[in-house]
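Working notes for the structure below.
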Amino acid sequence: MHTFFTVDLGATSGRTVLARLEGGRMTLTEYSRFENPILPISGHWFWNLPHLYNEILKALGRVAQEGIEIESIGIDTWGCDFSLFGSDGQLLGLPYSYRDPHTDGAQPLFFEKMPSRELYGRTGIQFMNFNSVFQLDTLRRNGCKALDIADKILFTPDALTYMLTGESVCEYTIASTSQLVDVRRRNLDPEILSILGLRRGQFGRLVQPGTIVGTISLQVQKATGLGPVPVIAVAGHDTASAVAAVPARDRNFAYLSCGTWSLLGIETSEPVVSEESFTLNFTNEGGIDGKIRFLKNICGLWIFEQSRKEFKGVPTDVVSLVKSAETSSCRALIDPDAPVFSHPESMTEAIREYCRATGQEAPETPADYCRCIFRSLAIRCAQMISCLRTFSDHPIDVLHVIGGGSRNAYLMQQISNAARIPVICGPVEGTAMGNALLQARAAGVLDTDIREVSAASTELRRFTPEEDGEMEEDLRRGV
């Protein structure tokens, strides 16, 4: 049996997982869980990187105390965000959160320096205000002193790896989310860096998923009681790790990583960069084994999670709310990707206002809100699957859904009905599974394909399209 230590950090919480490979199957056991709150300071939103690092050290200390032998450590996180370090190795302040509104309106200001079509043509990355390129340009424009003196600019998993090992790298999949990477050469674009006043050397050497970065430093060994455990640059972007674990039998699939965000896409061998993909704002992010994850970043369960914080007088656990959606007859629909839902003060009020503005009867009860949100998400997924078919050079016969949202049977059935496609759910812990499998491959202990091991290790759930007259009407009406 081989044991791997995975660190999986999301935008609201983090956890460590012990992954054990034995007999061609990987089992996952959550080892620790902790909050990852956004810190509101001086009108901005920051991540508490030292807190995340300390939680990793605490878990590693427990591993040593309990005599668990781990073969390596791998870290995955959300995309785009980064930390700044000085030449002495010290963290230069807390890293900004992608939710910080300081990048509102940042895109047109950067496009004065490089037109949007040229930026997309170089990077193949969809435009979102929080892309690293716009964050960095905003910091530069606002006179950020830390950026002026930064010796290293490291994306979040690379920053934590640096704190553990003292080695600075730029892992390909996480870097690809930044809109700083040349999508064809698959390295940081020198022209974009020049516009930002940055040097290539600030980002560390580029490495592919599965690269051994180094071992934990002597200081970390002393703090935890562990020996020189290797740290692996897995697919540092959590979605890239999750897609690596998709238990697909062939290439004729689309995937949906369903969580706070929903990332819907296909795998391609080469980037898809065209006028149509530019217009539809599709993205080309890095995957494993030279693959491109051609996808659309659409709103996921963020709207639901924010809404349920406001519900009163009913059970607000996910299971109860999902079940309540089945009892509602609400026909309201929203566009989940409308800007009004990105960070409103009140999500339920934003939904009501959207319905009023579009001439619809607004939801009234928590059940109504849930039905509205889930069916709107399903329709948005169906629309994007239709778009993906126009870009794909192979059929899309099935949708594989990974991540926590795959537990939501109501939503999964709605997606199947809307897209008229079979939906296969699992693994729920796709990100941790992919992270661990890439560590196992780096250790040389896998004797079969990653996806075969994932399939053998996962209890899958299948949904097939059902007749749904209301859904047909809603699809014609759109969101």
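Counting from 1, one number per residue, gives the positions in the sequence shown under this note's numbering. Virtual Cβ for every residue (Gly too), placed ideally from N, Cα, C.
Bridge partner(s) assigned by DSSP for Gly33: Sequence check: residue 33 is Arg here, not Gly. Arg33 pairs with Arg15.
*Find the nearest neighbour of Gln65 within the set Leu226, Lys291, Pro108, judged by alpha-carbon distance.*
Leu226
task = Could you please give the first and the last residue of the uninterrupted alpha helix (DSSP H) stretch that includes Tyr172?
result = Going by DSSP, Tyr172 is part of the alpha helix (DSSP H) stretching over 172–175.
Exposed or buried, His394, counting other C-beta atoms within 10 Å across all chains shown (16 or more means buried)? Classification for His394: exposed.
message = Using DSSP's beta-bridge definition, name the partner residues of Gly214.
response = DSSP lists Val231 as partners of Gly214.
Kindly indicate which residue of Gly430, Ser83, Gly89, Tyr369 has the alpha-carbon position closest to the one of Pro95.
-> Between Pro95 and the set Gly430, Ser83, Gly89, Tyr369, the nearest pair of CA atoms involves Ser83.
message = Quick check on the burial criterion: 16 or more other C-beta atoms within 10 angstroms. Buried or exposed for Pro101?
response = Exposed.
Between which two residues does the alpha helix (DSSP H) containing Trp302 stretch? 302–308
### Message
Give me, in chain order, the residues of the same chain whose beta-carbon lies closer than 6 Å to that of Gly430; leave out the 5 immediate sequence neighbours on both sides.
### Response
Ala242, Ala245, Ile402, Gly403
**Study point:** Element boundaries [alpha helix (DSSP H), containing Tyr96]
**Key:** Per DSSP, Tyr96 belongs to no alpha helix (DSSP H) and is neither H nor E.
Whose CA, out of His2, Val133, Gly43, Asn131, lies closest to the CA of Leu28?
His2
- Message: Is it buried or exposed, Asn252, if we count other Cβ atoms within 10 angstroms and call 16 or more buried?
- Response: exposed
Check your understanding: Are the CB atoms of Thr165 and Thr215 nearer to each other than 8 Å?
Key -> yes
- Query: What residues match up with Leu438 in a beta bridge as DSSP calls it?
  - Reply: Leu438 is not bridged to any residue.
Which of the three DSSP states is assigned to Thr316 in this structure?
coil
- Query: Rounded to whole angstroms, how far is the Cβ of Asn129 from the Cβ of Ser178, which I believe are closer than 8 Å?
  - Reply: Between Ser178 and Asn129 the Cβ distance is about 13 Å, and since that is not below 8 Å, they are no contact.
ask   = What do you reckon, are the CB atoms on Gly259 and Leu388 nearer than 8 Å?
value = In this structure, Leu388 does not lie closer than 8 Å to Gly259 by Cβ.
When the Cα atoms are used, what is the spatial distance from Leu438 to Glu473? 44 Å
- Mind checking whether Ser72 and Ala432 have CB atoms under 8 Å apart? no
For the ligand SAH, is there any heavy atom lying closer than 7 Å to the beta carbon of Phe463?
Inclusion of the ligand SAH in the displayed structure is not the case, the ligand content being empty and no account of it being possible.
Exercise. Excluding the five sequence neighbours on either side, which residues of its own chain have a C-beta within less than 7 Å of the C-beta of Ser376, listed in chain order?
Worked result: Leu333, Ile334, Pro336, Val479
### Query
Should Arg462 go down as buried or exposed, given a rule of 16 or more other Cβ atoms within 10 Å for buried?
Under a 10 Å Cβ-count criterion, Arg462 is classified as exposed, with fewer than 16 other Cβ atoms of the shown protein chains found around its own Cβ.
On the three-pair Cβ rule with 8 Å, is the region 191–205 touching the region 36–46? No, the region 191–205 is not in contact with the region 36–46.
Bridge-paired residues (DSSP) for His400 | DSSP, once it has assigned bridges, lists Tyr255, Ile424 as partnering His400.
Query raised in the report: Just curious, the alpha helix (DSSP H) that Phe111 is in, first and last residue?
Result: 106–111
- prompt: Cα separation between Leu232 and Thr6?
  reply: Checking the sequence, you will find Ile at residue 232 rather than Leu. Spanning the two alpha carbons is a distance of roughly 10 Å.
Nearest-angstrom Cα distance between Glu361 and Arg331?
8 Å
| said: Considering Cα atoms alone, identify which of Pro190, Gln306, Gly105, Ala159 is closest to Leu119. | reply: Among Pro190, Gln306, Gly105, Ala159, the Cα nearest to that of Leu119 is on Pro190.
| task | State whether the region 75–91 contacts the region 141–160, with contact taken as three or more CB pairs (one from each stretch) at a distance under 8 Å. | result | yes
Report the rounded CA-to-CA distance for Phe391 versus Met384, giving the unit in angstroms. 11 Å
Ser406 beta carbon less than 8 Å from that of Cys425: yes
For the beta strand (DSSP E) that contains Cys299, what are its first and last residues?
Note, Cys299: beta strand (DSSP E), 292–299.
Beta-carbon gap between Leu446 and Pro247 smaller than 8 Å:
no
Does the beta-carbon of Gln90 have 16 or more other beta-carbons within 10 angstroms, so that it is buried, or is it exposed?
So Gln90 counts as exposed.
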